[in-house]
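Asker: Letter by letter, the sequence shown follows residues 1 to 289 of the UniProt record's numbering.
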Amino acid sequence: MQKPVLRVACAQLVHPAKADLGEIGHHTIDPHMEMIARAREEKTDVLIFPELSLSGYSFAARHQDLALGRDAEQLLSLARASAGMVTGVGFIEESAAGLLYNSFAWLKGGKVSAVHRKVNLPHYGQLDEGKYFAAGRHIRTQTLSGYWSAATLICSDVWNPALVHLAALQNPSILVCPFASSREAVGYGFDNPAGWTNTFRFYSMMYGLPGIYCNWIGPVDGINFTGGSCIIDAFGSELVKARDEQDLILSELNYQKIIDARMRLPTIRTSTPDLVLREMARIHPALSG
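1) Cutting at 8 Å between CB atoms, please list the residues of its own chain near Asn160, excluding the five before and the five after it.
2) Tell me where the beta strand (DSSP E) around Ser145 begins and ends.
3) Quick check: what's the CA-CA separation for Gln256 versus Lys43?
4) What are the start and end residues of the alpha helix (DSSP H) that includes Ser103?
5) Counting along the chain, where does the beta strand (DSSP E) carrying residue 347 start and finish?
6) Take every Cβ of the segment 123 to 139, pair it with every Cβ of the segment 240 to 253, and state whether three or more of those distances are shorter than 8 Å.
7) Beta-carbon within less than 8 Å of Leu107's beta-carbon, same chain only, minus the 5 sequence neighbours each way: which residues are those?
8) Candidates Tyr207, Gly227, Ala180 and Tyr213: which alpha carbon is nearest Met263's?
9) Would a C-beta distance cut-off of 8 Å place Leu68 and Phe91 closer than the cut-off?
10) So, using beta-carbon positions, are Thr143 and Ala151 closer together than 8 Å?
11) Enumerated in chain order, which unbroken segments of the alpha helix (DSSP H) with a length of 4 residues or greater are wholly contained in the segment 167 to 215?
12) Keeping to the same chain, check which residues put their C-beta closer than 7 Å to that of Gly109; ignore five residues upstream and five downstream.
13) Less than 8 Å between the CB atoms is what I'm expecting for Trp216 and Leu6, so what's the real figure, rounded?
14) Exposed or buried, Met280, counting other C-beta atoms within 10 Å across all chains shown (16 or more means buried)?
15) For Pro4, which residues in the same chain have their Cβ closer than 7 Å to its Cβ, ignoring the five residues on either side in sequence?
16) What does Trp159 pair with, by DSSP beta-bridge criteria?
17) Pick out whichever of Ala242, Tyr132 and Gly84 has its Cα sitting closest to the Cα of Ser103.
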């Protein structure tokens, strides 16, 4: 029988100090284990961590030394600790031919059940991820339980509206966005925290798509992560927001309210994918030429 309520959580973490970024050790694993234990005590169904939560988000580190395969023991130990719960963690994924990806692993049933690779790698402000990572090539959804499913978009993925639309067209129940946002990322004069808040609420309201948005908090390597992790309902209203510290936030998502939101504003039901495909076929050659 369909579970009417999904209990979800976001673990906002204090970013590790620069001196601790050379390996995946207790300084990153321990906070994950602590948050997983707390979430299980709260009978959480889904727990989300920030972007690159296992390695930290810093270009001062040697990314190849922090990369993990999908069968890495660090991931499997977290999967085992998450028994009875679905957990999402960020990591640097080591793939074939020495390629590295900014990835997000879904841990379910004691194993890695799915992985999303960040598609939209930023090359602006203080950000230059393309120097280190290969870009993902797919936008897919993951089954959580019953009819509940999630679309995953990492950080700047949501700043490409086409990627959000592709995710929403697959009818996920929720949108999960682990991110690593600092005040200085885009450049001075750009209100990054307000930009994220506006983006979260807009997409949730536009698509009737509840969102779990999970950031880091604290300074490292000359940048200041701003926190602001939150859970948004299908009407674009904020259900809970993290404090300006390491924090575990929890809320319940009601499946019937998602249906109600999509009946009132049927963005997906009235979408025109055939028209979009046709027009993209017409426009794309002109854009590339």
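Heads up, the beta-carbon is just placed ideally off N, CA and C, and yes, glycines get one too.
Answerer: This is what the structure holds:
1) If you number the sequence shown from 1, residue 160 lands on position 160. These residues qualify, in order along the chain: Val119 and Asn120.
2) On the sequence shown, residue 145 is found 145 positions in, with the first residue counted as 1. Taken as a continuous stretch (DSSP letters only), the beta strand (DSSP E) holding Ser145 covers Thr141 to Ser145.
3) Taking the first residue of the sequence shown as position 1, residue 256 is located at position 256. Taking the first residue of the sequence shown as position 1, residue 43 is located at position 43. About 21 Å.
4) What you label residue 103 is simply residue 103 of the sequence shown in a count that begins at 1. Run containing Ser103: none in the alpha helix (DSSP H); it sits in the beta strand (DSSP E), Leu100 to Lys108.
5) For residue 347 there is no data in the structure shown, the boundaries of the chain being 1 and 289.
6) no
7) Taking the first residue of the sequence shown as 1, we reach residue 107 at position 107. Excluding positions up to five away in sequence, the list reads Leu75, Leu78, Ala79, Ser82, Val86, Thr87, Gly88, Val89 and Ser113.
8) Numbered from 1 along the sequence shown, position 263 holds the residue referred to as residue 263. For Met263, the nearest C-alpha among the options comes from Tyr207.
9) Walking along the sequence shown from the start, residue 68 turns up at place 68. Walking along the sequence shown from the start, residue 91 turns up at place 91. Closer than 8 Å, so yes.
10) Walking along the sequence shown from the start, residue 143 turns up at place 143. Walking along the sequence shown from the start, residue 151 turns up at place 151. Not in contact: Thr143 and Ala151 (Cβ atoms no closer than 8 Å).
11) 192 to 207
12) Counting from 1 along the sequence shown, the entry for residue 109 is found at position 109. Excluding sequence neighbours, Gly109 sits near nothing in its chain.
13) Position 216 of the sequence shown, counted from the first residue, corresponds to residue 216. Position 6 of the sequence shown, counted from the first residue, corresponds to residue 6. Contact flag wrong, Cβ pair sits at about 24 Å.
14) Against the sequence shown, residue 280 aligns to sequence position 280. Exposed, because fewer than 16 other Cβ atoms sit within 10 Å of the Cβ of Met280.
15) The residue labelled residue 4 in the question sits at position 4 within the sequence shown. Correct list, in chain order: Asn254, Tyr255 and Gln256.
16) Walking along the sequence shown from the start, residue 159 turns up at place 159. Beta-bridge pairing links Trp159 to no other residue.
17) The residue given as residue 103 occupies position 103 in the sequence shown. Among Ala242, Tyr132 and Gly84, the Cα nearest to that of Ser103 belongs to Tyr132.
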